[in-house]
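Notes for the one structure printed next.
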Amino acid sequence: MGPEIARAIDNFIDWLVVNGEWFFDGISDNLKVVLGKLREFLVWIPWPVMVALIFLLGWRLGSLRIGIISVLGMILIGLVNLWEPAMVTIAIMTVSVSVAVIFGIPTGILMARSNLIETLLRPVLDAMQTMPSFVYLVPGIMFFGLGNVAAVLATVLYSIPPCIRLTNLGIRQVNPSVVEAGESFGSTRLQLLSKVQLPMAIPTIMAGINQTIMMALAMSTIAAMVGAGGLGIEVLRSMGQLQEGNAFIAGSAIVVMAIIIDRITQSIVISRSE
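Here this note's numbering is used: the first residue of the sequence shown is 679, the next is one more, and so on.
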């Protein structure tokens, strides 16, 4: 029975790839343009300007200490000659997280508004979060081939569950008395959502986005297996050539970026909570 099921799945995928070629090619072409322009822009910015911008971001959104830590981290990445790969990683991660948030937050809102949708989607999210990360490379390769577009798809699928879950959780945790007060003033469901529930759920939603960003960054090395550039490919190339030192340096650069992004996003969550 196993071979028959596998054959049926193969036939369906072949049919989908052939008949949906126009759709997948359109997505691929647009993502390639966005990724290419963003990568060129980030690499074009002089590194002192980028470091200054990151300092201002860390300082204004967090504190002076976070701004200084961010600057030191980015300077360290530049000193080990990984500045350009780091910018490529940021470009891929920015596009991936943006897509995950665009689809994740509305899906979380739907789950919060409907118990039926939550019941249907919860097992799917459970499966997505327990599935080995390598599995997410398969649909990307099937529909888009090797390259950055496949890496973006794999990263989105891997990192989107926290955004959906915590959006749903944040809205459901809004104090019912506050919602009732809004209803008593004649607010519509859309007004309650946009002016009461979402603003009060922002700290939880931001925590979900933070987790999505961290998971997207964690996927960078695995996504390099399908041709994604950036720091991930530096790690894989060094490991393949048994250059443990270079692999450690590239891996450390990923860790430094994760620390910087985590501190900044956590500061946003804390400020929103207050």
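Backbone N, C-alpha and C define an ideal beta-carbon position, used for all residues, glycine too.
Under 8 angstroms between C-beta atoms of residue i and residue j
i, j, result
"Val668", "Val749", "Because the chain in this structure spans residues 679 to 952, residue 668 falls outside the shown range and cannot be described."
"Met675", "Ile946", "Residue 675 is absent from the structure shown; the chain starts at 679 and stops at 952."
"Ala828", "Gly905", "yes"
"Gly818", "Ala805", "no"
"Ser898", "Val834", "no"
"Met771", "Leu876", "no"
"Pro839", "Leu803", "yes"
"Leu713", "Ala769", "yes"
"Thr797", "Ile842", "no"
"Ala778", "Asn846", "no"
Chain-order list of residues whose beta-carbon lies under 6 angstroms from that of residue i (same chain, five-residue window excluded)
i, result
"Ala907", "The sequence shown places Gly at residue 907, not Ala. Result list for Gly907: Val766, in chain order."
"Glu762", "Val721"
"Tyr814", "Ala832, Leu835, Tyr836"
"Ala902", "Gly910, Ile911, Leu914"
"Ile938", "Ser748, Gly751"
DSSP state of residue i mapped onto helix, strand, coil
i, result
"Pro817", "helix"
"Thr797", "helix"
"Phe863", "coil"
"Ser741", "coil"
"Gln851", "coil"
"Ala906", "coil"
Residues near residue i by beta carbon distance below 7 angstroms, same chain, minus five either side
i, result
"Gly848", "Ala879, Thr882, Ile883"
"Leu706", "Just to set this straight, residue 706 is Ser in the shown sequence, not Leu. Excluding positions up to five away in sequence, the list reads Phe822, Val827."
"Ile691", "Met820"
Contacts around residue i, its chain only, beta-carbon distance under 8 angstroms, and the 5 residues preceding and following it disregarded
i, result
"Thr943", "Met884, Ile887, Asn888, Ile891"
Stretch-stretch touch, CB-based, cutoff 8 angstroms, three pairs: the stretch 916 to 935 with the stretch 756 to 770: yes
Validate contact between the stretch 700 to 719 and the stretch 729 to 748 using beta carbons, cut 8 angstroms, 3 pairs: Counting C-beta pairs with one atom in each stretch, the stretch 700 to 719 and the stretch 729 to 748 have fewer than three that are closer than 8 angstroms, which means they do not touch.
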